[in-house]
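Residue numbers (my numbering), protein chains in the order written: chain A, 2 to 207; chain B, 2 to 207.
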């Protein structure tokens with residue numbers, strides 16, 4: 002399989018509470034793309050309305066630890082007693098098939114992927130300002146005060162890590178943010194380092 | 002003036018006959034951008050319908066040579082007896098004002114700009130195939146056989162230079178090509194190296 006036919010791995014990440022999940026959902030609702038979502042696995046209990054296998058694969062801590070031992074994750078992270086991870090198995094096959102695979106993961110996990118997958122595209126979702134993010138964390142209301150406090154502290158620590166990403170997309174308005182991600186994906190495909198293979202093929206076909 | 006407020010210099014270029022001008026026109030007809038076109042200067046006679054100051058500044062060879070002597074061009078090139086160049090004067094002021102300045106220039110000139118303006122964005126417009134380009138050159142019909150032949154040979158020499166650009170945009174359909182350029186501009190603004198200043202400002206404002 003030639004380099005140019007391999008799909009893009011797109012990593013959407015950002016501080017806790019920035020609305021990564023909402024942006025990712027909006028992205029998948031948009032037309033004119035061919036994206037595949039890689040569902041994460043977690044040991045945290047489902048929030049109301051979350052569906053197993055769609056929002057997350059919800060598993061027990063025992064099962065998660067077993068999978069870590071068997072090196073079944075592309076990345077994983079632990080946060081306030083819960084594990085979050087990206088199962089390896091399907092991703093590589095999907096990329097080989099030329100599909101665009103989207104991960105929506107924590108900052109800690111994204112930095113692990115950065116080390117492993119050199120040609121992935123890393124997008125940091127940023128809040129329009131700090132207040133918006135803290136308001137969001139408070140409003141979520143599904144978590145106890147300590148969890149909220151932990152998330153706020155985590156977000157503070159994650160703010161400066163934006164510079165490790167390829168792109169910063171401000172989540173001022175969800176559809177705008179999703180739209181910018183679509184633009185980034187299109188631009189990435191037009192990048193010379195990716196497009197040159199196809200281009201050369203075209204010239205040789207003559 | 003801060004780095005983040007400076008506008009982008011966008012260089013649209015590509016082989017002779019690829020339809021750079023048509024793509025550039027389509028780009029400017031699109032909505033939702035804030036682009037400024039930097040009109041080139043040439044010593045070649047206007048083609049039918051071309052307007053002085055809009056399509057090109059049409060000047061005499063003497064005037065052009067005088068301007069070269071006075072270092073008034075960002076780039077210039079000579080081709081089949083005619084000169085083409087980008088007047089320096091306005092561009093820098095427009096970039097300082099935060100405007101996005103678009104140049105539509107020959108490959109030879111684009112490579113000169115590449116040397117001088119490190120953070121410009123270079124887009125190579127490619128034909129969907131060689132035949133399309135040659136057909137286009139023949140159909141233009143405003144030039145004598147020798148000129149057409151020179152242009153074809155020039156295009157052949159320019160094909161391999163695509164790898165010196167940041168992006169390759171295939172001109173399969175003019176509106177598609179223009180649309181891809183808009184996506185590239187949006188993505189370039191979201192690039193961490195550009196967006197980080199604004200992002201840091203946002204965090205400090207707090």
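Cβ coordinates follow ideal geometry from the N, Cα and C atoms, glycine included. Every value quoted in this text rests on a predicted model; they were computed, and no experiment measured them.
Would you list the residues sitting across from residue i in a DSSP beta bridge?
i: residue 84 of chain A; result: A:79
i: residue 43 of chain A; result: A:59, A:85
i: residue 105 of chain B; result: B:13
i: residue 124 of chain A; result: A:13, A:168
i: residue 192 of chain A; result: B:168
i: residue 35 of chain A; result: None, per the DSSP bridge assignment.
i: residue 90 of chain A; result: Residue 90 of chain A is not bridged to any residue.
i: residue 74 of chain A; result: A:88
i: residue 53 of chain A; result: A:57
Tell me whether residue i is buried or exposed, calling it buried when 16 or more other Cβ atoms sit within 10 Å of its Cβ.
i: residue 200 of chain B; result: buried
i: residue 2 of chain B; result: In this prediction, residue 2 of chain B has a pLDDT of 38, which is less than 50 and means its spatial position is unreliable; what the coordinates show is noted afterwards. Exposed, by the Cβ-count rule.
i: residue 1 of chain A; result: Here chain A comprises residues numbered 2 to 207, so residue 1 of chain A is not present and cannot be evaluated.
i: residue 207 of chain A; result: With a pLDDT of 40 at residue 207 of chain A, under the threshold of 50, the modelled position of this residue cannot be trusted, and the question is left open.
i: residue 69 of chain A; result: exposed
i: residue 168 of chain B; result: buried
i: residue 31 of chain A; result: exposed
i: residue 146 of chain A; result: exposed
i: residue 4 of chain A; result: Here residue 4 of chain A scores only 46 on pLDDT, less than 50, and its place in the model is too uncertain to base an answer on.
i: residue 54 of chain B; result: exposed
i: residue 159 of chain B; result: buried
i: residue 75 of chain A; result: buried
i: residue 140 of chain B; result: exposed
i: residue 152 of chain A; result: buried
i: residue 86 of chain B; result: buried
i: residue 42 of chain B; result: buried
Residue i CB to nearest chain B CB: under 8 Å?
i: residue 74 of chain A; result: no
i: residue 160 of chain A; result: yes
i: residue 156 of chain A; result: no
i: residue 173 of chain A; result: no
i: residue 185 of chain A; result: yes
i: residue 134 of chain A; result: no
i: residue 58 of chain A; result: no
i: residue 111 of chain A; result: no
i: residue 163 of chain A; result: yes
For chain C, is any of its Cβ atoms less than 8 Å away from the one on residue i?
i: residue 196 of chain A; result: Among the protein chains in the structure shown, which are A and B, there is no chain C.
Quick one: does residue i have its CB under 8 Å from some CB of chain A?
i: residue 169 of chain B; result: yes
i: residue 77 of chain B; result: no
i: residue 48 of chain B; result: no
i: residue 203 of chain B; result: yes
i: residue 207 of chain B; result: Unreliable placement is indicated for residue 207 of chain B, whose pLDDT of 40 sits below 50; the coordinate value is still reported in the next sentence. By this cut-off, residue 207 of chain B is an interface position.
i: residue 192 of chain B; result: yes
i: residue 83 of chain B; result: no
i: residue 181 of chain B; result: yes
i: residue 188 of chain B; result: yes
Are residue i and residue j closer than 8 Å when you measure CB to CB?
i: residue 22 of chain B; j: residue 105 of chain B; result: yes
i: residue 108 of chain B; j: residue 20 of chain B; result: no
i: residue 39 of chain B; j: residue 91 of chain B; result: yes
i: residue 182 of chain A; j: residue 28 of chain A; result: yes
i: residue 8 of chain A; j: residue 98 of chain A; result: yes
i: residue 35 of chain A; j: residue 100 of chain A; result: yes
i: residue 165 of chain A; j: residue 17 of chain A; result: no
i: residue 111 of chain B; j: residue 197 of chain A; result: no
i: residue 24 of chain A; j: residue 13 of chain A; result: yes
i: residue 26 of chain A; j: residue 122 of chain A; result: no
i: residue 84 of chain A; j: residue 62 of chain A; result: yes
i: residue 102 of chain B; j: residue 96 of chain B; result: yes
i: residue 126 of chain A; j: residue 178 of chain A; result: yes
Quick one: does the C-beta of residue i sit closer than 7 Å to a heavy atom of the ligand NAP?
i: residue 84 of chain B; result: In the structure on display, the ligand NAP does not appear, and there are no ligands present to speak of.
Output, in sequence order along the chain, the residues in the stretch 22-38 of chain A whose CB is closer than 7 Å to any CB in chain B. none
Contact residues within the stretch 121-132 of chain A, judged by C-beta distance below 9 Å to chain B: 123, 124, 125, 127, 128, 129, 130, 131, 132
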